[in-house]
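Peer 1: One structure follows; several queries about it will come next.
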Amino acid sequence: MRLVIKVGTSTLAHSTGKLNIRRVEELCKVLSDLKNAGHEIVLVSSGAIGMGVGKLNLAARPDDMPTKQAAAAVGQCELMYVYDKLFSGYGHVVAQILITGDDIEDSGRRGHFVNTMERLLSLGALPVINENDTVATAEISVGDNDTLAAIVAANVGADLLILLTDIDGLYSADPKRDCSAHLIEEVEDVTDEIISLAGGAGSALGTGGMATKIHAAGLCTRAGIDMIIANGSNPSILYDLIEGRGVCTRFRGVKR
Ligand code: GLU
0 MRLVIKVGTS TLAHSTGKLN IRRVEELCKV LSDLKNAGHE IVLVSSGAIG MGVGKLNLAA
60 RPDDMPTKQA AAAVGQCELM YVYDKLFSGY GHVVAQILIT GDDIEDSGRR GHFVNTMERL
120 LSLGALPVIN ENDTVATAEI SVGDNDTLAA IVAANVGADL LILLTDIDGL YSADPKRDCS
180 AHLIEEVEDV TDEIISLAGG AGSALGTGGM ATKIHAAGLC TRAGIDMIIA NGSNPSILYD
240 LIEGRGVCTR FRGVKR
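Written out as structure tokens, the structure reads:
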């Protein structure tokens, strides 16, 4: 299978902005094993800004553009250093790809992106994609990595997109406030009702939240690709998810 897996800042870093070492080591081990089993893996990884915040010892995630971009520049190095070190340990080669909304909207540039991705995958490399936050201002950015991951999945013709986050999936109500809330295991159609369940809110260090994930589900399923939202706290869940099992919300790609 060609799998696009997106990990959010809440999965990769502690609330301090420092790396969650145990989690990231486990994630790289499972992804390496899936690659060894013959799957093609594309990783869409957030965490640049969050990790920059940790590395620069900033008190909180910055609001202003220059500090955000500076934090991303510092954090992206840290992120790739960690991935390179861990994946190399399992004999895999990582490739860094940083893109913005502009790169996707322009058909010529999108073509180059897709060609490079195909070549990297045929060479056996593991592309690690993030938004190019250091140059992406509001006008040209995709804005969140859930949407970016759906765009990537559609452009590389993925079989499945998995968004790993800090909750088991989409709930019928906010499980932190409503004890009758239950996990929605399967979504056939991203209707207005489903969109209304998403609410807002992300974590203190990341950008997303459920709203961007449901938006991503719309893009992905319309491109005919299945998408899953699952909890990244135990990366071994990936083994079950790709076999159609495991606790998650599964969105069915529209059949054509
Ligand atoms: N590109 C951002 C980062 O690496 C994350 C965006 C997101 O969390 O959706 O920090």
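Counting from 0, one number per residue, gives the positions in the sequence shown under our numbering.
Don't be surprised by glycine CBs; every beta carbon is placed ideally from N, CA and C.
None of these values were measured; they are calculated from a predicted model.
1. Out of Leu-169, Leu-218, Ile-128, Arg-176, state which residue places its alpha-carbon closest to the alpha-carbon of Leu-196.
2. State whether the region 148-167 contacts the region 216-231, with contact taken as three or more CB pairs (one from each stretch) at a distance under 8 Å.
3. What is the DSSP secondary structure of Ser-44, counted as helix, strand or coil?
4. Helix, strand or coil for Val-151 per DSSP?
5. Ordered along the chain, which non-local residues of its own chain (more than five positions away) have a Cβ less than 8 Å from that of Ser-235?
6. Just checking Ser-14 against ligand 1 - is the residue's beta carbon closer than 7 Å to any of the ligand's heavy atoms?
7. Taking the continuous alpha helix (DSSP H) assigned at Met-226, which residues delimit it?
8. Between the Cα of Ser-44 and the Cα atoms of Thr-99, Gln-75, Ala-70, which residue gives the shortest distance?
9. Would Thr-15 be called buried (16 or more neighbouring beta carbons within 10 Å of its own) or exposed?
10. Determine the DSSP secondary structure at Arg-109, reduced to helix, strand or coil.
11. May I have the straight-line CA-CA distance separating Arg-108 from Pro-126, to the nearest angstrom?
12. Which same chain residues, not among the five before or five after Asp-239, have their C-beta less than 8 Å away from its C-beta?
13. In this structure, does DSSP put Asn-233 in helix, strand or coil?
14. Excluding sequence positions up to five away, which residues of its chain have a Cβ less than 7 Å from the Cβ of Ile-228?
15. Ligand 3 and Asn-35: does any heavy atom of the ligand fall closer than 7 Å to the residue's C-beta?
Peer 2: On the basis of the data shown:
1. Closest by alpha carbon: Leu-169.
2. Enough Cβ pairs lie closer than 8 Å, so yes.
3. Secondary structure at Ser-44: strand, using DSSP grouped into helix, strand and coil.
4. If DSSP states are grouped into helix, strand and coil, Val-151 belongs with the helices.
5. Answer for Ser-235: Glu-25, Val-29, listed in chain order.
6. Result no, Cβ not under 7 Å from ligand 1.
7. Here Met-226 belongs to no alpha helix (DSSP H); instead the beta strand (DSSP E) covers 225-230.
8. Of the listed residues, the one whose Cα sits closest to Ser-44 is Gln-75.
9. Burial call: exposed.
10. Helix at Arg-109.
11. So the alpha carbons of these two residues sit roughly 17 Å apart.
12. Counting only Cβ-Cβ distances below 8 Å, and skipping sequence neighbours, we find Gly-245.
13. Here Asn-233 sits in coil by DSSP.
14. In its chain, beyond the 5 residues on either side, Leu-162, Thr-164, Gly-168, Leu-169, Lys-212, Cys-247, Thr-248 have a beta carbon closer than 7 Å to the beta carbon of Ile-228.
15. Absence of ligand 3 is noted for the structure shown, with ligand 1 being the only ligands found.
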